[in-house]
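Each number in my numbering corresponds to the 1-based position in the sequence shown with 12 added.
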Amino acid sequence: MGGLGVLVVDDTGVNLVVARRTLSRCGAAVATAGSGEDAVRRVKAAMGGAGEALDVVLMDLQMPGMDGRCG
13 MGGLGVLVVD DTGVNLVVAR RTLSRCGAAV ATAGSGEDAV RRVKAAMGGA GEALDVVLMD
73 LQMPGMDGRC G
């Protein structure tokens, strides 16, 4: 996973911490977002060259507002 840009999206803080630690140990560059709306903003920024490089988005399927099904 060396250098792979991963955005983890979850509304539960402990899940974000566990995912960040696990993926970082595998060599991924991990970013986190606490909502689907924030994730969409970050992906748009990355696509426009203004944000971090993202290769993969891992998104919770059950969150208030925009979840993994809508994002």
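Every residue, glycine too, gets a C-beta built ideally from N, C-alpha and C.
Counted within 10 angstroms of its Cβ, other Cβ atoms place residue i as buried (16 or more) or exposed
i: Arg-54; result: buried
i: Met-75; result: buried
i: Gly-60; result: exposed
i: Asp-72; result: buried
DSSP beta-bridge partners of residue i
i: Ala-43; result: Leu-19
i: Val-68; result: Val-18
Where residue i falls: helix, strand or coil (DSSP)
i: Leu-73; result: coil
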